[in-house]
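In the working numbering, the protein residues as written are 81 to 182.
Cβ coordinates follow ideal geometry from the N, Cα and C atoms, glycine included.
Report on the structure given below.
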């Protein structure tokens, strides 16, 4: 029989929020007796935008903006019912996107 696994993928713009959230998830899972693999930092996605400063002339003058998306991946091996309940009740910050696959 294959063991069960919960895969959690976190996504956020602020690395401090994502690290704090991943530590909360790891502590919760370990407290309920599950084995945690991770958090594994995935490559940061950097999106860059170039915008003209002037609305009319000066094409060579531009502003550059970037948005960084930080990702973390965690696997919870052999979760118990307690683990699933504790993870569902966990309150994470609003700036963190959580994807859970069973």
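Alpha-carbon spacing of residue i relative to residue j, whole angstroms
| i | j | result |
| --- | --- | --- |
| residue 107 | residue 171 | 13 angstroms |
| residue 152 | residue 137 | 43 angstroms |
| residue 155 | residue 135 | 49 angstroms |
| residue 86 | residue 180 | 7 angstroms |
| residue 116 | residue 175 | 23 angstroms |
CB-CB length for residue i against residue j, believed under 8 angstroms
| i | j | result |
| --- | --- | --- |
| residue 128 | residue 144 | 6 angstroms |
| residue 157 | residue 83 | 6 angstroms |
Option nearest residue i by Cα separation, candidates the options
| i | options | result |
| --- | --- | --- |
| residue 142 | 131, 104, 156 | 131 |
Practice task
Tell me, please, whether the stretch 158–172 touches the stretch 117–126 by the rule of three or more beta-carbon pairs shorter than 8 angstroms.
Solution key: As far as the Cβ criterion goes, the stretch 158–172 does not touch the stretch 117–126, which means the pair count is below three.
Handout entry: Touch test, the stretch 84–95 against the stretch 145–159, Cβ-Cβ under 8 angstroms, three pairs minimum
Key = Between the stretch 84–95 and the stretch 145–159, the count of Cβ pairs shorter than 8 angstroms is three or higher; the stretches touch.
Exercise for the section: Just list the alpha helix (DSSP H) runs in the stretch 115–178, keeping only unbroken ones of 4 residues or longer that don't cross its boundaries, in chain order. Expected result: With a minimum length of 4 residues, the continuous alpha helix (DSSP H) runs that stay inside the stretch 115–178 are 161–169.
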